[in-house]
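Accompanying notes for the structure given below.
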Amino acid sequence: MSDDRMFERSAQAWLELGPSTAPKRVVDAALRTIATTPQQRDLQASWRFPRLTIQMRFAVAAAVGLMVLGAGLLVLRSPQNQIGQTPTPSPSASPITMERLQGAWASVGTRIDPILGNAPDKSGLQTIAVDAASLRLNGWKGEIASSASVIGAAGQLELLMDAPQESLNREHWDCTTGDSGTYYASLSPDDQTLTLTSASDECASRDEILTGDWTRWSCPDPARYAYCSHVSELAPGRYTAANFKPFEGGTRGQFAYTVPAGWADFHFPPTWPGPDRRADLTLATVANPDSPLINVDSTIRASTMSAVIGAPPLACPDPVTASGGPAASVADWLGSRPFLAVSQRRPITIGGLSGVQIDVSVVAGFVDPCTLGSAPGAPIEYSTQIEIFGGSETGDSVTMDTATDDHARFIVLDTGDWQGYPGTLLISLTAQGQSALDVVIAQAMPVVQTFEFIPGPSASPTAVSSPIAVNATDLQGTWNSVGTRPIPDALDQLTVFTLGANYLDIHQSDGDVRSSWVLIEDTINRVWVHGPLTTVPVAPRWDCFGIGEYDVSLSTDGATLTFTPIDEDCAQREAILAGDWTRDVAAEPSLK
Amino acid sequence: MDPAVVERARGGDREAFTTLVGQVSDSLYAVAFRILRETASAEDALQNALISTWQQLPHLRDVERFEAWSQRILVHACYAEFSRRRQFAANVRVIDLNRAGASDGSRVLADRDELDRAFRKIPVDQRAVFVMHHYVGLPLVEIAETLGIPAGTARSRLHNATRALRTVMAAGALRTLEEGRPA
Numbered sequence: 001m002s003d004d005r006m007f008e009r010s011a012q013a014w015l016e017l018g019p020s021t022a023p024k025r026v027v028d029a030a031l032r033t034i035a036t037t038p039q040q041r042d043l044q045a046s047w048r049f050p051r052l053t054i055q056m057r058f059a060v061a062a063a064v065g066l067m068v069l070g071a072g073l074l075v076l077r078s079p080q081n082q083i084g085q086t087p088t089p090s091p092s093a094s095p096i097t098m099e100r101l102q103g104a105w106a107s108v109g110t111r112i113d114p115i116l117g118n119a120p121d122k123s124g125l126q127t128i129a130v131d132a133a134s135l136r137l138n139g140w141k142g143e144i145a146s147s148a149s150v151i152g153a154a155g156q157l158e159l160l161m162d163a164p165q166e167s168l169n170r171e172h173w174d175c176t177t178g179d180s181g182t183y184y185a186s187l188s189p190d191d192q193t194l195t196l197t198s199a200s201d202e203c204a205s206r207d208e209i210l211t212g213d214w215t216r217w218s219c220p221d222p223a224r225y226a227y228c229s230h231v232s233e234l235a236p237g238r239y240t241a242a243n244f245k246p247f248e249g250g251t252r253g254q255f256a257y258t259v260p261a262g263w264a265d266f267h268f269p270p271t272w273p274g275p276d277r278r279a280d281l282t283l284a285t286v287a288n289p290d291s292p293l294i295n296v297d298s299t300i301r302a303s304t305m306s307a308v309i310g311a312p313p314l315a316c317p318d319p320v321t322a323s324g325g326p327a328a329s330v331a332d333w334l335g336s337r338p339f340l341a342v343s344q345r346r347p348i349t350i351g352g353l354s355g356v357q358i359d360v361s362v363v364a365g366f367v368d369p370c371t372l373g374s375a376p377g378a379p380i381e382y383s384t385q386i387e388i389f390g391g392s393e394t395g396d397s398v399t400m401d402t403a404t405d406d407h408a409r410f411i412v413l414d415t416g417d418w419q420g421y422p423g424t425l426l427i428s429l430t431a432q433g434q435s436a437l438d439v440v441i442a443q444a445m446p447v448v449q450t451f452e453f454i455p456g457p458s459a460s461p462t463a464v465s466s467p468i469a470v471n472a473t474d475l476q477g478t479w480n481s482v483g484t485r486p487i488p489d490a491l492d493q494l495t496v497f498t499l500g501a502n503y504l505d506i507h508q509s510d511g512d513v514r515s516s517w518v519l520i521e522d523t524i525n526r527v528w529v530h531g532p533l534t535t536v537p538v539a540p541r542w543d544c545f546g547i548g549e550y551d552v553s554l555s556t557d558g559a560t561l562t563f564t565p566i567d568e569d570c571a572q573r574e575a576i577l578a579g580d581w582t583r584d585v586a587a588e589p590s591l592k
Numbered sequence: 001m002d003p004a005v006v007e008r009a010r011g012g013d014r015e016a017f018t019t020l021v022g023q024v025s026d027s028l029y030a031v032a033f034r035i036l037r038e039t040a041s042a043e044d045a046l047q048n049a050l051i052s053t054w055q056q057l058p059h060l061r062d063v064e065r066f067e068a069w070s071q072r073i074l075v076h077a078c079y080a081e082f083s084r085r086r087q088f089a090a091n092v093r094v095i096d097l098n099r100a101g102a103s104d105g106s107r108v109l110a111d112r113d114e115l116d117r118a119f120r121k122i123p124v125d126q127r128a129v130f131v132m133h134h135y136v137g138l139p140l141v142e143i144a145e146t147l148g149i150p151a152g153t154a155r156s157r158l159h160n161a162t163r164a165l166r167t168v169m170a171a172g173a174l175r176t177l178e179e180g181r182p183a
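First to last, the protein sequences are chains A and B.
Per this note's numbering, the first sequence starts with residue 1, numbered consecutively.
Per this note's numbering, the second sequence starts with residue 1, numbered consecutively.
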């Protein structure tokens, strides 16, 4: 049996373990909630299966990112992207009305959240939406709505809990449906900052979350949280991206751009730090936020995927190494693919970087022979989607579909050598059909022309001289620690380890501590180690076990190796591996 | 799945929706557990997915796709639960059955434990694709359509997940070699 088949069988056998029946109490609880939950019939757009095009690639990551933020981000940061946009609460002389309060608001700072009761810090960033008659908190398991009205010129906000008891219980709120609360609301003169001060509230959880400052969140439609979770409307003006770093694989530099009215970015409420997406940035229009008009990616590379014309069965060919750069070479690569039609190739300079602009469409009839599109037993079909760019740090790819007449304009810019390769940055504009692409180009190119790439200082000034992208063979050998490392139950001492084809042995006088290891592809210079798998007599001293993830860098002469821990279950191994190592040229690697 | 029942549920018929829940909840829960590897999380994900499915059902255009659509909602509920829960999981200590001297029986358990631990290290979006492929049995294109991602992305997620688990299995092979080596 082949390794592949054996792996599949093992994986399937392992996955078969576990429950296959939903607990009745869980289903019953859901049905009880559903019994008092209305269906959403007021949305402007109906859900449908999206077309599988390049436009959809950010939606899932963005949705995940939202929840990550809500759970884990515990600190306040300056507003996302917009330069100088700082909440400046000050009372407004104008009377408070529900009309002025309407919109989406993001908490300034974190608030105690009952559902985080088991966390070390029970705080989280919060969002609320206010309409003509209600205030809705975006809870973990749905909205928690209160009827809302403003009484008196002093801005007394009266709330009445509308959320069903089941919802409150699910959110761990110690409150009751019908609980009333009174707050004093004040707005800054520009209506951008709301301050709520509790006068009284029977629902303490609501009080803890609402009391404080809120900054207006330019969510185009607050009622559509799925929509607003990843889109923030941008006021016309110039912005500097907070997270995206265009140079050296998302580690260095700044990116600035200018947008007119009607644009949005794929980010989060203004007080939220946003996802740590340093290697890409996406801009869309408010009118069509789920179809990004401009994608910028600093780590994506031309894909090795192949496409062929033919009838099943088709063989999956070996991948052909694609050009990683410079930009002209990437354009040559695209131009040489038989399944791509290219046009409009010309040199271009954007934001201080030079490169190549090229328009690309996929030729009808080609399929990806490596992806089966049929269920087991059904006639074989192949995917009409062909990956053009991939392998980015963020997992994003640019996939074009021959069945939907995908067209794209790619702008590949040279960003300078990094880790031994010519660095490139990709700007992609995409649409279905040439006429649609023409519309996108007309909208997007004026914005692209405002891009500015600012290199800034290197993010890793202490890195070993000129690190290069490593492959597994490069790393194999015997390595001596630079300096001493703590060995369990022993004095600090110089340490030696050997990297074989798939194992890593840390040598000790009475035995080796062995872990398995693998170089993670698609993520530059990152390895996983697993174990230790060692036996007596060393084992008793190693009171740890698990998986470790490290960045590795290798000097250009291959003589110095640096391990930088990313995540490690085994603190003892981390204490030894982290740092610099020099190759022991006298020792033969024992490739067992 | 009877399209007529889906149609009725879409129109607001709770009884019809209860019928649908009876038909899909087991499979949804099984998928949720395999993605999240934790009972409480899987239960919460299922509960949230069922409620979201009900709320959003009027916007499902193609009633024939109800099952795939509900799977997508479930996977997103899993993403949410994963993010919510993972900060609480940092201090959970998994009992190490992989020590020298473990019996054959406990070694089997240890192998499963290793797979489980490795799986927990994989990003949840990769887990979802892995489970949809190896447990649900969907081809990549159908996974991509169900999850709303390009096929290339589905493929790379499956590839990455597979590689991670292979690391663990390679470790198991190494251990076997170690055991066969004279002391």
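By construction, the Cβ of each residue, glycine as well, lies at the ideal position given by its N, Cα and C atoms.
DSSP beta-bridge partners of residue i
i, result
"LEU281 (chain A)", "A:VAL296"
"MET631 (chain A)", "Within the shown structure, residues of chain A are numbered from 1 to 592, placing residue 631 (chain A) beyond reach of any answer."
"TRP105 (chain A)", "A:ILE128 and A:ARG216"
"VAL418 (chain A)", "Correcting the residue identity first, residue 418 (chain A) is Trp in this sequence and not Val. A:TYR421."
"PHE453 (chain A)", "A:PHE255"
Chain A within 9 Å of residue i, Cβ atoms only
i, result
"SER106 (chain B)", "Legend: pLDDT at SER106 (chain B) = 36, less than 50; position of this residue unreliable, value from coordinates given subsequently. No, because no Cβ of chain A sits closer than 9 Å to the Cβ of SER106 (chain B)."
"ARG8 (chain B)", "no"
"VAL63 (chain B)", "no"
"THR153 (chain B)", "yes"
"SER70 (chain B)", "no"
"THR19 (chain B)", "no"
"ASP130 (chain B)", "The sequence as given places Phe at residue 130 (chain B); Asp does not occur at that position. By this cut-off, PHE130 (chain B) is an interface position."
"PHE33 (chain B)", "yes"
Endpoints, alpha helix (DSSP H) assigned at residue i
i, result
"GLN156 (chain A)", "First-last for GLN156 (chain A): 156 to 161, but that is the beta strand (DSSP E), not the alpha helix (DSSP H)."
"GLN443 (chain A)", "434 to 448"
"PRO186 (chain B)", "Residue 186 (chain B) lies beyond the residue range present for chain B, which begins at 1 and ends at 183; the question has no answer from this structure."
"PHE33 (chain B)", "14 to 36"
"PHE130 (chain B)", "124 to 134"
Nearest-angstrom Cα separation, counted from residue j out to residue i
i, j, result
"THR484 (chain A)", "LEU158 (chain B)", "40 Å"
"GLU574 (chain A)", "PRO565 (chain A)", "7 Å"
"THR495 (chain A)", "THR556 (chain A)", "23 Å"
"VAL5 (chain B)", "ALA42 (chain B)", "26 Å"
"LEU577 (chain A)", "ASP414 (chain A)", "35 Å"
"PRO114 (chain A)", "PHE82 (chain B)", "18 Å"
"ALA13 (chain A)", "LEU28 (chain B)", "19 Å"
"ILE112 (chain A)", "ARG409 (chain A)", "47 Å"
"ASN160 (chain B)", "GLN126 (chain B)", "7 Å"
"ARG170 (chain A)", "SER52 (chain B)", "14 Å"
"GLY352 (chain A)", "GLU452 (chain A)", "7 Å"
"ALA403 (chain A)", "ASP368 (chain A)", "12 Å"
Short CB-CB distance (under 9 Å) between residue i and chain B
i, result
"PRO338 (chain A)", "no"
"LEU234 (chain A)", "no"
"GLN432 (chain A)", "no"
"TRP14 (chain A)", "yes"
"GLU8 (chain A)", "yes"
"ARG573 (chain A)", "no"
"TRP173 (chain A)", "no"
"VAL26 (chain A)", "yes"
"VAL518 (chain A)", "yes"
Which listed residue (the options) has its alpha carbon closest to that of residue i
i, options, result
"VAL24 (chain B)", "B:ASP44, B:VAL129, B:SER70 and B:LEU60", "B:SER70"
"LEU74 (chain B)", "B:THR153, B:VAL124 and B:ASP116", "B:VAL124"
"ASP569 (chain A)", "A:GLN39, A:ASN525, A:ILE386 and A:TYR550", "A:TYR550"
"THR162 (chain B)", "B:PHE130, B:PRO150 and B:THR153", "B:PHE130"
"GLY500 (chain A)", "A:GLY423, A:GLN508 and A:TRP479", "A:TRP479"
"GLY302 (chain A)", "A:ARG252, A:SER188 and A:LEU426", "It should be noted that the sequence gives Ala, not Gly, for residue 302 (chain A). Among A:ARG252, A:SER188 and A:LEU426, the Cα nearest to that of ALA302 (chain A) belongs to A:LEU426."
"LEU60 (chain B)", "B:GLY152, B:ALA144 and B:GLY12", "B:GLY12"
"LEU50 (chain B)", "B:ALA154, B:ALA118, B:ALA9 and B:GLU145", "B:ALA9"
Range of the contiguous beta strand (DSSP E) that encloses residue i
i, result
"LEU561 (chain A)", "560 to 568"
"ILE350 (chain A)", "340 to 350"
"GLY335 (chain A)", "First-last for GLY335 (chain A): 327 to 336, but that is the alpha helix (DSSP H), not the beta strand (DSSP E)."
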